[in-house]
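With the numbering used here, letter number 279 in the sequence shown gets 307, and the count goes up by one each step, no holes. All C-beta atoms, glycine included, are put in the ideal place defined by N, C-alpha and C.
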Amino acid sequence: MSTVELRIESVAAGGDGVARTEGLVVFVPRSAPGDVGTASIGSRKRSRFARAELRELRVASPVRVDPPCRHFTRDKCGGCQLQHISYAAQLDAKSRIISDAFERIGRRTIGPIAVRPSASQWKYRSKLTLALKLRNGAPHESGSGLERIAGLHPFDDPASVFPMEECPITNDAVIDLWREILRFDSLLPSVPSLRAAVRVDESAATFILEGGDSWPEFERFKSALPKLDTVWWAPTRGTRRLMTEGGTNANPGASFSQVNASVAAELQQHVIQRTMAYKPDRVIDAYSGVGEIAVMLAQAGVETTAVELDPQAAAWCARNLPSGSRSIAGRVEVVLPAVLPAEVILLNPPRAGVDAKVCETLEHVRQSVRAIIYTSCDPATLARDVARLPGYRICRVDAFDMFPQTAHVETVCELVPGEE
Numbered sequence: 029m030s031t032v033e034l035r036i037e038s039v040a041a042g043g044d045g046v047a048r049t050e051g052l053v054v055f056v057p058r059s060a061p062g063d064v065g066t067a068s069i070g071s072r073k074r075s076r077f078a079r080a081e082l083r084e085l086r087v088a089s090p091v092r093v094d095p096p097c098r099h100f101t102r103d104k105c106g107g108c109q110l111q112h113i114s115y116a117a118q119l120d121a122k123s124r125i126i127s128d129a130f131e132r133i134g135r136r137t138i139g140p141i142a143v144r145p146s147a148s149q150w151k152y153r154s155k156l157t158l159a160l161k162l163r164n165g166a167p168h169e170s171g172s173g174l175e176r177i178a179g180l181h182p183f184d185d186p187a188s189v190f191p192m193e194e195c196p197i198t199n200d201a202v203i204d205l206w207r208e209i210l211r212f213d214s215l216l217p218s219v220p221s222l223r224a225a226v227r228v229d230e231s232a233a234t235f236i237l238e239g240g241d242s243w244p245e246f247e248r249f250k251s252a253l254p255k256l257d258t259v260w261w262a263p264t265r266g267t268r269r270l271m272t273e274g275g276t277n278a279n280p281g282a283s284f285s286q287v288n289a290s291v292a293a294e295l296q297q298h299v300i301q302r303t304m305a306y307k308p309d310r311v312i313d314a315y316s317g318v319g320e321i322a323v324m325l326a327q328a329g330v331e332t333t334a335v336e337l338d339p340q341a342a343a344w345c346a347r348n349l350p351s352g353s354r355s356i357a358g359r360v361e362v363v364l365p366a367v368l369p370a371e372v373i374l375l376n377p378p379r380a381g382v383d384a385k386v387c388e389t390l391e392h393v394r395q396s397v398r399a400i401i402y403t404s405c406d407p408a409t410l411a412r413d414v415a416r417l418p419g420y421r422i423c424r425v426d427a428f429d430m431f432p433q434t435a436h437v438e439t440v441c442e443l444v445p446g447e448e
């Protein structure tokens, strides 16, 4: 392991600072553009790339700030990557990440993007997911229950869990409900590890549990926590199931809705406005989730077909769509050819991006398409998919800071038929 002096030049996708020395591109976690210091170079990826740990900060960047969360520094929490950088610098870094992805991966030059800021940079999250792990994988010595750690993962040790004491990016209602749930964690399935999420919004308080093969104490758990409106459980073997009353009428949207309500609403309205600008008769909303955008478009008089892999989300969408529109449960790459043509195609895939077959289909039908509006949470996979669509040109790119203090950003890329 060698020690070198580095000057951090920029922020990479993922949040690490980037420096260069002796032909190496070095990624340094928790560094800021303009930092100068000594770092220990550790693992190398191929011959040109390496990771390093900042050992001594000799000159602090002017955009460096003190992170308010104790876990960020003390526990190396992997939930946030940019708390040590001013908010203006975070937005600038995300703009560069998007532009760089399009240029390197998509082979398209788009220039700087003005990332729309979040109205709240703290306490904006309406959902928090924690890992629940038994200490030493064993019951509590007193026999009174199970001693669990409920927390998050260090960025450099994702297999371990540290106890969460606070989370400044999550709103107080979620934190308070989590603390109440953890008073009754002995009523959860008795397995070494679980994963769970709490979501609190204007409509409901929801608990989503993953793991375990049986939950014999569920009724006691539910009785102890009357504030929970909805409980979903995804056992280790089996499908996700609704555990509380309400049956098929319970909204499965806690798994699909964005965690920053104000930015999500702004992004949603942007997509709808841009869609309607093309005056479509027919729209396909692919990867539609519970169909919030599909329903709005259908209510505006557009014949809308929503396509979603999750059958519960697709069923929820179907119940809310007016007549003349439809919701189909299935893989987009399979369903899309059968539901075309449409003037506007909306894509909002998970982080992995769209299947290559989707791009092939869209290339074949570009003469009948007025626009593709692609919403992405990963600039790299977005740029990759755009590169697979050479018959379309980029007409605009907009970005929304859905996740302040992190390296994540939502990007909306609008494509129309034609070459760059």
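At the level of alpha carbons, what is the spacing between residue i and residue j?
{"i": "GLU208", "j": "GLU193", "result": "13 angstroms"}
{"i": "SER170", "j": "ARG268", "result": "For SER170, the predicted model reports a pLDDT of 37, less than 50, meaning its position is unreliable; a value from the coordinates is still stated below. Rounded to the nearest angstrom, the two C-alpha atoms are 33 angstroms apart."}
{"i": "THR272", "j": "PRO377", "result": "29 angstroms"}
{"i": "VAL53", "j": "ALA80", "result": "10 angstroms"}
{"i": "THR439", "j": "SER251", "result": "42 angstroms"}
{"i": "THR101", "j": "SER127", "result": "29 angstroms"}
{"i": "TYR152", "j": "TRP206", "result": "16 angstroms"}
{"i": "LEU374", "j": "PHE428", "result": "17 angstroms"}
{"i": "TYR402", "j": "ALA366", "result": "20 angstroms"}
{"i": "LEU160", "j": "ASN199", "result": "20 angstroms"}
{"i": "TRP243", "j": "THR234", "result": "17 angstroms"}
{"i": "PRO57", "j": "LEU325", "result": "42 angstroms"}
{"i": "ARG76", "j": "GLY134", "result": "21 angstroms"}
{"i": "HIS168", "j": "LEU162", "result": "Since pLDDT at HIS168 reaches only 43, below the 50 mark, its modelled position is unreliable, and the value read off the structure follows with that caveat. Cα to Cα, HIS168 sits roughly 9 angstroms from LEU162."}
{"i": "GLU450", "j": "ALA346", "result": "No answer is possible for residue 450: the residues shown for the chain start at 29 and end at 448."}
{"i": "HIS112", "j": "GLY45", "result": "12 angstroms"}
{"i": "ARG227", "j": "LEU210", "result": "15 angstroms"}
{"i": "ALA117", "j": "LEU295", "result": "22 angstroms"}
{"i": "THR409", "j": "HIS99", "result": "30 angstroms"}
{"i": "LYS155", "j": "GLU50", "result": "44 angstroms"}
{"i": "LEU158", "j": "PHE183", "result": "14 angstroms"}
{"i": "PHE212", "j": "ASP241", "result": "19 angstroms"}
{"i": "ALA60", "j": "VAL91", "result": "7 angstroms"}
{"i": "GLU371", "j": "ALA305", "result": "11 angstroms"}
{"i": "VAL323", "j": "SER404", "result": "20 angstroms"}
{"i": "SER71", "j": "THR333", "result": "48 angstroms"}
{"i": "ARG132", "j": "PRO186", "result": "28 angstroms"}
If we count the other Cβ atoms within 10 Å of its Cβ and call it buried at 16 or more, is residue i buried or exposed?
{"i": "PRO217", "result": "buried"}
{"i": "SER355", "result": "buried"}
{"i": "GLU230", "result": "exposed"}
{"i": "THR434", "result": "buried"}
{"i": "GLU336", "result": "buried"}
{"i": "PHE55", "result": "buried"}
{"i": "CYS484", "result": "In this structure the chain extends from 29 to 448, so residue 484 is not present and cannot be described."}
{"i": "GLU320", "result": "buried"}
{"i": "LYS307", "result": "exposed"}
{"i": "GLN301", "result": "exposed"}
{"i": "LYS255", "result": "exposed"}
{"i": "PRO339", "result": "exposed"}
{"i": "PRO432", "result": "buried"}
{"i": "GLN327", "result": "exposed"}
{"i": "GLN286", "result": "buried"}
{"i": "THR264", "result": "exposed"}
Which residues in the same chain as residue i place their Cβ atom closer than 6 angstroms to its Cβ, once the five residues preceding and following it in sequence are excluded?
{"i": "GLU238", "result": "ARG223 and ALA262"}
{"i": "GLY419", "result": "GLU391 and ARG394"}
{"i": "ASP406", "result": "ARG379"}
{"i": "GLU361", "result": "ASP383, LYS385 and VAL386"}
{"i": "ALA232", "result": "ASP257 and THR258"}
{"i": "PRO196", "result": "PRO96, CYS97 and TRP150"}
For residue i, name the three-state secondary structure that DSSP assigns.
{"i": "TYR115", "result": "helix"}
{"i": "ALA435", "result": "coil"}
{"i": "SER221", "result": "strand"}
{"i": "PHE183", "result": "coil"}
{"i": "ARG207", "result": "helix"}
{"i": "LYS307", "result": "coil"}
{"i": "PHE130", "result": "helix"}
{"i": "VAL54", "result": "strand"}
{"i": "CYS345", "result": "helix"}
{"i": "LYS255", "result": "coil"}
{"i": "VAL189", "result": "coil"}
{"i": "THR272", "result": "coil"}
{"i": "SER170", "result": "Bear in mind that the predicted position of SER170 carries a pLDDT of just 37, short of 50, making it unreliable; the figure below should be weighed with that in mind. In the structure shown, SER170 sits in coil (DSSP, three-state: anything other than H, G, I, E or B)."}
{"i": "ILE177", "result": "strand"}
{"i": "SER214", "result": "helix"}
{"i": "LEU368", "result": "coil"}
{"i": "ALA293", "result": "helix"}
Using a Cβ-Cβ cutoff of less than 7 angstroms, which residues in the same chain neighbour residue i once the five nearest sequence positions on both sides are dropped?
{"i": "SER396", "result": "PRO369"}
In chain order, what residues of the same chain have a beta carbon less than 8 angstroms from the beta carbon of residue i, not counting five sequence neighbours either side?
{"i": "VAL425", "result": "ILE126, PHE130, ILE138, ILE141, THR439, VAL440, CYS441 and GLU442"}
{"i": "ARG83", "result": "THR31, GLY65, THR66, ALA67 and SER68"}
Stretch-stretch touch, CB-based, cutoff 8 angstroms, three pairs: the stretch 32-47 with the stretch 116-125:
Here the stretch 32-47 lies against the stretch 116-125, with 3 or more beta-carbon pairs under 8 angstroms apart.
When the Cβ atoms of the stretch 62-71 are set against those of the stretch 81-90, are three or more pairs found closer than 8 angstroms?
yes
Within 8 angstroms, do at least three Cβ pairs link the stretch 141-152 to the stretch 173-185?
no
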